[in-house]
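Trainee: Below is a structure I'd like to ask you about.
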Amino acid sequence: MNIDFREIHTSDLEDILSFTDLWIGKNYFGRDELLEIINLGQKNGINTSLKAVSDSEELAGVRLTLAPGNWVNSMRGLSTDLWKVEASSVGYFKSLFVSENFQKMGIGKSLSTLSIEQLKKVGAKAVICHSWLESPSNSSQRYLISMGFQPVKEYREFWSEIDYHCTKCGPAKCLCTAIEMIKYI
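In terms of the numbering used here, the sequence shown has 183 at position 36, counting the first letter as 1, and numbering is strictly consecutive.
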């Protein structure tokens, strides 16, 4: 089976929304919020958000990435004073999810690696993300460390302000912990 990696565009909105509802949790992203994320992933004609698509056009995975820019001012859970580069030169890995049907195939790592290449093209000097501490077997943090990310700071109940059905905590409010992590590129 071949996997094709493509940029995410606004025309992909409904497919990405259905995918994230299934794999992150129902209503984690609202339609307007997801549209804004897709738009914030673009800079100088380059798109940093990517999707993986199978031969049969099934969506296998998504990497939502914000290009360097003003997103830093609106994001919580950032320790910009601990970063070794200017905040305006940092991209953000918003979300990465791979369908259960396509896991253990290297799709997540490929999406992230390709997204980092796109970030370099728009002048990013680092990429930041929030790792899900409670992921099964702490797979989120282990994966990021294997990609060269370093822990910065821990944020308890990071996602509790979002009114969605967490795949771990739901239907109650999400009490999961995020670990801010950075990779210098």
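Ideal Cβ placement from N, Cα and C applies to all residues, glycine included.
For GLN297, name the three-state secondary structure that DSSP assigns.
Mentor: Note: GLN297 maps to strand in three-state DSSP.
Trainee: Verify whether the separation of the beta carbon atoms of ILE332 and LYS241 is less than 8 Å.
Mentor: no
Trainee: Could you check whether the region 181–201 touches the region 256–273, counting it as contact only if at least three pairs of C-beta atoms, one from each stretch, sit closer than 8 Å?
Mentor: yes
Trainee: Taking contact to mean 3 or more Cβ pairs, one atom from each stretch, closer than 8 Å, check whether the region 200–209 and the region 176–183 are in contact.
Mentor: no
Trainee: If you measure between the beta carbons of MET252 and GLN297, is that distance less than 8 Å?
Mentor: The answer is no: Cβ separation not under 8 Å.
Trainee: Less than 8 Å between C-beta atoms, sequence neighbours within five positions excluded: which residues of the same chain meet that for SER259?
Mentor: Cβ neighbours of SER259 within its own chain (closer than 8 Å, five residues either side excluded): ARG210, PHE240, LEU243 and MET294.
Trainee: Going by Cα to Cα distance, which pick from PHE249, SER226 and GLY216 is closest to ALA207?
Mentor: PHE249
Trainee: Restricting to Cα atoms, I'd like to know which of SER235, ASP168, ALA325 and THR227 is closest to ASN217.
Mentor: The shortest Cα separation from ASN217 among SER235, ASP168, ALA325 and THR227 belongs to SER235.
Trainee: Which residues does DSSP pair with ILE150 in a beta bridge?
Mentor: SER201
Trainee: Considering only the alpha carbon of each residue, which of GLY224, ARG153 and CYS321 lies closest to ILE275?
Mentor: GLY224
Trainee: Give the DSSP-derived three-state secondary structure of ASN194 in the structure shown.
Mentor: strand
Trainee: Work out the CA separation of CYS323 and THR212 for me, nearest whole Å.
Mentor: Cα-Cα distance, rounded: 21 Å.
Trainee: Which residue wins for smallest C-alpha separation from SER226, given the options ILE150, ILE185 and VAL299?
Mentor: VAL299
Trainee: Grouping DSSP H, G and I as helix and E and B as strand, with all else coil, what is ALA207?
Mentor: strand
Trainee: Can you tell me whether ALA214 is buried or exposed, with buried defined as 16 or more other CB within 10 angstroms of its CB?
Mentor: buried
Trainee: Identify every run of the alpha helix (DSSP H) within the region 231–286, keeping only runs that are complete inside it and at least 4 residues long; order them along the chain.
Mentor: 254–268
Trainee: DSSP three-state call for GLU308: helix, strand or coil?
Mentor: Coil.
Trainee: Grouping DSSP H, G and I as helix and E and B as strand, with all else coil, what is ILE326?
Mentor: strand
Trainee: Under the three-state reduction of DSSP, which class applies to TYR175: helix, strand or coil?
Mentor: Residue state, collapsed to three classes: coil.
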